[in-house]
Amino acid sequence: MVIDVSEATFARDVIERSRQVPVVVDFWAAWCGPCRTLTPALEAAATARDGKVALAKVDVDANQGLSTRYGVQGIPAVKAFRDGAVASEFVGAVPKAKVEEFFDALVPSRADELLAAGDELSVREASELEPRRADIAVALARKRLERGAEEEALEAVERHAGDFAAGGIAARVRLKKQGVALEAFVALDRGDRDAALDALLEALESGPAQSSATGSSNADGALDQAQLREQLRRAVVGILSDLPPDDPAARDYRRRLATALY
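Everything in the sequence shown is counted per my numbering, starting at 5 for the first residue and increasing by one.
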């Protein structure tokens, strides 16, 4: 359904409604040929999403105050509102495929919904739907770690070596198999991030030694010192990837990591 919105109804039909579902607003005019080209694609995209996105139209000639308020300088201008503010926008009669991409970005995918559910079965299904997404793989690995399934956790993240969080989980499993920095992962599991980072960095600074359980550096599956240092680095970076870049503690740990490495 398309709603015609005016200055009098904009707050109710767009701003307030966008707090429940995204609202796409089409700024148009009757004399605008590209507007008539774009409208069917907008309507089809909204209809296909079955109420998950609302579509509103604003006649810029009749509602010049809205055009000024939202900086409309050319039409068609399309702005998506979420939580009362503009979340994304484009100008011009873009191809239908671009319209679909625009709407897709506003609506959670099935994989996103499953990821938000949070239980392991749902996250595993999300991973099957979108196997290239590292964030889903990391969530699945963490669920598996919670129940002690470390090899399954490693399997979940192995294909995402370029992702810091995924690499950190893989490094954790490999280090534990070597008997290295075990206290760090005990601390991490109880939610003590700082203690985990301290233990990992201490192992890196002092030069990790493999436990007697893993055998010598020549034993089957054992890592040499350079490989162990790399896994320790990955484990530290993986933990730090969950922190904001400007976090003071993260900055301190990154400086300490750089010192330990170089």
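Where is the CB? At the ideal position from N, CA and C, for every residue including glycine. Computed from a predicted model, the values in this text were never measured in an experiment.
Simplified DSSP assignment, three categories, for E206
helix
Proximity below 7 Å, CB of I19 to CB of A60
no
Write down the C-beta distance between A143 and H164 rounded to the nearest angstrom, noting that I regard them as a contact closer than 8 Å.
So it is not a contact: roughly 12 Å between Cβ atoms.
How would you write the range of the beta strand (DSSP E) that E93 sits in, first residue to last?
A89 to V95
Buried or exposed by the 16-neighbour rule on C-beta atoms within 10 Å, applied to Q182:
buried
If you follow the alpha helix (DSSP H) that V28 is in, where does it begin and where does it stop?
First-last for V28: V27 to W32, but that is the beta strand (DSSP E), not the alpha helix (DSSP H).
Tell me the DSSP secondary structure of A60 in three-state form.
Assigned with DSSP and collapsed to three states, A60 falls in strand.
By Cβ distance, which residues of its chain are closer than 7 Å to A157, with the 5 residues on each side in sequence left out?
A145, R148, L149, I173 and V177
What do you get for S210, buried or exposed, if any count of 16 or more other CB atoms within 10 angstroms of its CB means buried?
The Cβ neighbour count for S210, taken over all protein chains shown within 10 Å, is under 16; the residue is labelled exposed.
My understanding is that L236 touches R258, with C-beta atoms under 8 Å, so please give their C-beta distance in whole angstroms.
Not a contact, Cβ separation roughly 14 Å.
Within 10 angstroms of the Cβ of D1, are there 16 or more other Cβ atoms? Answer buried if so, exposed if not.
As shown, the chain starts at 5 and ends at 266. That puts residue 1 outside it, with no answer to give.
Expected contact under 8 Å - CB spacing of L201 and A185 to nearest Å:
L201 to A185, Cβ: 11 Å. No contact.
Quick check on A81: does DSSP put it in helix, strand or coil?
Under the three-state reduction of DSSP, A81 is assigned to strand.
Going by alpha carbons, who is nearest to K64 out of F31, G88, L192 and V25?
According to the sequence displayed, residue 64 carries Val and not Lys. Minimum Cα distance to V64 is reached at F31.
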